[in-house]
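Numbering-wise, numbering that gives the first Met the number 0 puts 215 at position 216 of the sequence shown, and it's gapless, one number per residue. The beta carbon of each residue, even a glycine, is placed where N, CA and C say it ideally should be. Worksheet: the structure to be examined is printed underneath.
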Amino acid sequence: MPTPPPTGPLVTRDTVATEVRALGVRPGETLLLHSSLSSLGWVCGGAVAVVQGLLDALGPDGTLVVPTQSGDLSDPALWSGPPVPRDWWETIRASMPVYDPATTPSRGVGVIPETVRTWPGAVRSAHPHTSFAALGPRAAAVTADHAPDCRLGEHSPLARLEALGARVLLLGAGYHTCTSFHLAEYRIPSPRVRVGRPGPAGWEELTEVSITSDRFDELGHDFERDRPVVRGRVGAADARLFPVADAAAYAQRWLALHRPREEEVADPPA
0 MPTPPPTGPL VTRDTVATEV RALGVRPGET LLLHSSLSSL GWVCGGAVAV
50 VQGLLDALGP DGTLVVPTQS GDLSDPALWS GPPVPRDWWE TIRASMPVYD
100 PATTPSRGVG VIPETVRTWP GAVRSAHPHT SFAALGPRAA AVTADHAPDC
150 RLGEHSPLAR LEALGARVLL LGAGYHTCTS FHLAEYRIPS PRVRVGRPGP
200 AGWEELTEVS ITSDRFDELG HDFERDRPVV RGRVGAADAR LFPVADAAAY
250 AQRWLALHRP REEEVADPPA
């Protein structure tokens, strides 16, 4: 059977730039993007055109930031998608490549962040599991000194984005992707977990705050009900725009009330 034609809408670099400007993205600001390319429609130029359009809207003084997580550099004993045989675990731990900001690909965050990661001039933070990549004049300031034992807390790019007055753009992505909510988990009593990963001297383990996106969609629903969130569309995608600081502050109150410590769960496996 012949392949059916795309249903559209047709989205171009100019479409992205025009429609995110209409949503309220301002030249010169710092923007944390969570995105879904497939939600936009038929994009001429794919992820490259989306990044170009966002950079056009931000202008030369703006900074674009994306999550470039690499959670697969983790303990194979926790893997479930798919699991691996137990007798492979030690070999995997001994053989897994060490995180390298320049070469380690992102995983599970979509093609647009991976496009930003490999963009000329991109800067990436140093955390082996929860790095961020950035383009623009504040890229180095956002990504610098990402502490190895602080995935998404006070010594991560999220806290720097909050301090810079950055805003979040959910572009076809739901609130379950909103990393700003995780910043709140470091500001309320939270359990800690052992985290394993490859290191320069071999397999290493350290203790970290347990993070989970459990109930983030519910949290996002209430946040949008109670706080100013700009809503619109870019192509076919639902889009939302709001400050990192608002999201973190609201989540701190909401999680303390709705997801008390005893309901916290361990980190999901890779």
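Take Ala121, set aside five residues on each side of it, and the residues of its chain with a beta-carbon closer than 8 Å to its own are Val115, Ala132, Ala133, Leu134 and Ala138, in chain order. If you check the CB distance, Ala244 and Leu218 do not come in under 8 Å.
Leu36 and Ala21 have their C-alpha atoms spaced approximately 19 Å apart. Of the residues assessed, Glu89 falls on the exposed side of the cut-off, its CB having fewer than 16 other CB atoms within 10 angstroms. The closest CA to that of Glu223, considering only Trp202, Val167 and Val208, is found on Val167. If you look at Leu54, you'll find it isn't in any beta strand (DSSP E); it sits in the alpha helix (DSSP H) that goes Gly45 to Leu57. Under the three-state reduction of DSSP, Ser179 is assigned to helix.
Burial is judged here by how many other beta carbons sit within 10 angstroms of a residue's own beta carbon; Leu39 has at least 16 and is buried. Residue environment: Glu18 is assigned as buried (16 or more neighbouring CB atoms within 10 Å of its CB, all protein chains considered).
Under the three-state reduction of DSSP output, Gly27 falls in the coil class, being neither helix nor strand. Residue environment analysis places His126 among the buried positions, since at least 16 neighbouring C-beta atoms fall within 10 angstroms of its C-beta.
A straight-line Cα-Cα distance of about 5 Å links Ser124 and Thr142. Closest in alpha carbon position to Pro5, among Ala235, Trp253 and Arg239, is Ala235. Counting only runs of at least 4 residues, the stretch 138-188 fully encloses the following alpha helix (DSSP H) elements, listed from N- to C-terminal order: 138-142, 156-162 and 179-184.
About 21 Å separates the beta carbons of His128 and Arg214, which is beyond the 8 Å limit, so they are not a contact pair. Put simply, of Ala48, Leu57 and Ser34 the residue whose alpha carbon is nearest the alpha carbon of Arg25 is Leu57.
For Pro8, the secondary structure class from DSSP, reduced to helix, strand or coil, is coil. Gly201 sits in a strand when the DSSP states are folded into three classes. Shown here for Val208: same chain residues with a beta carbon closer than 7 Å to its own, the five before and five after excluded, namely Gly152, Glu184, Tyr185, Ser189 and Arg191 in chain order.
For the stretch 210-257, the continuous alpha helix (DSSP H) assignments of 4+ residues that do not extend past its boundaries occur at 215-225 and 243-257, in sequence order. Here Leu32 is bridged, per DSSP, to Leu168.
Membership of Val65 in the beta strand (DSSP E) is indicated by the continuous run Thr62 to Pro66. Shown here, Ala101 sits in coil according to DSSP, grouped into three states, outside any helix or strand. Per DSSP, the unbroken beta strand (DSSP E) holding Ala133 starts and ends at Phe131 to Leu134. By the neighbour-count criterion, in which a residue is buried when 16 or more other Cβ atoms sit within 10 angstroms of its Cβ, Val64 is buried.
Nearest in C-alpha terms to Glu28, of all of Asp148, Arg12, Ala165 and Asp144, is Ala165. DSSP places Ala93 in the uninterrupted alpha helix (DSSP H) bounded by Trp88 to Ser94.
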